[in-house]
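The structure appears below as C-alpha cells.
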Amino acid sequence: MKAKMYVCLALSLCLAACSTVSMTGRKQLNLVSESEILSASLTEYQSYMKTAKISTDATATAVVKNVAQRIAAAAEAYLKTAGQEADIANYAWEFNLVNDSQLNAFCMPGGKIVVYTGMLNLIGNGSDRDDMLAAVIGHEVGHAIAKHGNERASQQVLANLGGSLLGAAVSQKSEATQQAVAMAYGLGTQYGALLPFSRKQELEADYIGVVLAILAGYEANASITLWEKMSAASTSTTAEFMSTHPSSTTRISELKKSIPQVKAQLGVK
Ligand SMILES: [Zn+2]
C-alpha cells in the first residue's frame, strides 16, 4: 500500500517536475529548484574549503588546473550546442588540488572542482597523465551538467517526505536539499551516510565524460585505463570513491562501445 502511494506520488511529481538529460535522453526528477541546489552546494563547498588542505605543489596544481579548465570550456561548448546555453550562467568554475590520500575528485553543481592528491598519485606521471585526469574530471563534470545533484536531492526529499503532502514537503525542502548535497559529495559526515550516485547516473557521467574529454582534445581511451587502475588498486583507499561512485561491471564494456561511437560522431580518430 505504502509502495503504491510512493509510485503514485513519484508519477504525479514526475509529470510536474521531470526534465530530460539532453545528452542521453533519460527522464529525471528535478523537484528542487536549481537556485536551491546551487546555494546549498556553495554553502557546502565553502565550509569544506575552510578545512581542506590546498596543495602547495605548484607543478601538480598547474597540471590539474590546466586539464580542468579545458574540460570546463568543453562543458560550456557542449551546453551551447545542446540548447542549454542558459545553464552556463550557473557555473562559476573553480579548480583545486587538495592534499588528501583518498582516491577521489568531485565537481559540485555550479562548477566547483576538487581533485585529491591521492587520485593524482594513482594516475601517475606517464604520458597519458592528462588524458586520465581528463577522464576523472570529465566524469565529475558529467554528473554536474546532467544535474545528478538535483536528481539525488529530489529523491532524498521524496524518501524523507514521500508519505506527507507536498505542501508539507515544500516547507522542509531546503534542509533536505542541504543534507542531500552534503551526503552526495561526502562532505557532510554529520549526516552519517554517503549518498551514492545510481548506476544509471554513473554510466551517464561516464558517457558525458567521454564527450567532454574528446571535445577538449584528450584521448578518451584513457578512461578505460583509469577504471582498470582503479579496480586494480581496489583497497580501502578506493572505498571512498566507490562508495559515492558505485562501480558497474558493465562500465568498461560500455566505455569500449561508446568511445568509438562518440569519436565517429565528433569526427575524431
Ligand atoms: Zn561518478
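57 is the number of the first residue of the sequence shown in this note's numbering; add one for each residue after it.
Virtual Cβ for every residue (Gly too), placed ideally from N, Cα, C.
Predicted, not measured: the structure shown is a model, and the values here were computed from it.
Buried versus exposed call for residue i [16 or more other C-beta atoms within 10 Å across all chains shown]
i    : result
Q102 : exposed
T136 : For clarity, residue 136 is Lys in the given sequence; the question names Thr instead. Per the 10 Å Cβ criterion, exposed.
L221 : Since pLDDT at L221 reaches only 45, below the 50 mark, its modelled position is unreliable, and the value read off the structure follows with that caveat. It counts as exposed.
S91  : exposed
A320 : exposed
C64  : Confidence is the limiting factor: at C64 the pLDDT is only 48, short of 50, which leaves the residue's position unreliable, though a coordinate-based value still follows. With fewer than 16 other Cβ atoms within 10 Å, it is exposed.
G205 : buried
N177 : exposed
I174 : According to the sequence provided, residue 174 is Gly. The question's Ile does not apply to it. When all chains shown are included, G174 counts as buried.
G139 : exposed
T233 : buried
E100 : buried
E258 : buried
N152 : buried
L322 : exposed
S97  : buried
E231 : exposed
N181 : exposed
DSSP three-state assignment for residue i, whether helix, strand or coil
i    : result
N152 : strand
N177 : helix
T80  : coil
S75  : strand
Y263 : helix
L147 : The question names Leu, but residue 147 is Tyr in the sequence shown. Y147 falls in the coil class under three-state DSSP.
A320 : helix
Q246 : Any answer about Q246 is weak, because its pLDDT of 48 lies below 50 and its placement is not dependable; what the coordinates show is given next. In this structure, Q246 counts as helix in the three-state DSSP scheme.
Y274 : coil
A138 : coil
L189 : helix
L159 : coil
L341 : Coverage of the chain is limited to positions 57 through 325, which leaves residue 341 absent and any answer about it impossible.
K203 : coil
A224 : Bear in mind that a pLDDT of 49 at A224, under 50, signals an unreliable position, so the number given afterwards is only what the model happens to contain. Correct three-state label for A224: helix.
K109 : coil
K312 : helix
Within 8 Å, strictly: CB atoms of residue i and residue j
i    : j    : result
G154 : K109 : Before going on, a small fix: residue 154 reads as Val here, not Gly. Yes; because the gap between Cβ atoms is below 8 Å, this pair is in contact.
V266 : V318 : yes
D187 : A130 : no
D156 : Y172 : yes
C163 : V197 : yes
A190 : Y274 : yes
I127 : A209 : no
Integer Cβ distance of residue i from residue j, believed to fall under 8 Å
i    : j    : result
A148 : V192 : So it is not a contact: roughly 21 Å between Cβ atoms.
I280 : K312 : 7 Å
T80  : Y263 : 6 Å
A202 : E260 : 6 Å
### Query
Do the region 197–217 and the region 283–290 make contact, defined as three or more Cβ pairs closer than 8 Å?
No, because fewer than three Cβ pairs between the region 197–217 and the region 283–290 fall closer than 8 Å, the two stretches do not touch.
### Task
Report yes or no: do three or more beta-carbon pairs, one from the region 308–315 and one from the region 166–179, lie closer than 8 Å?
Counting Cβ pairs under 8 Å, fewer than three are found: no touch.
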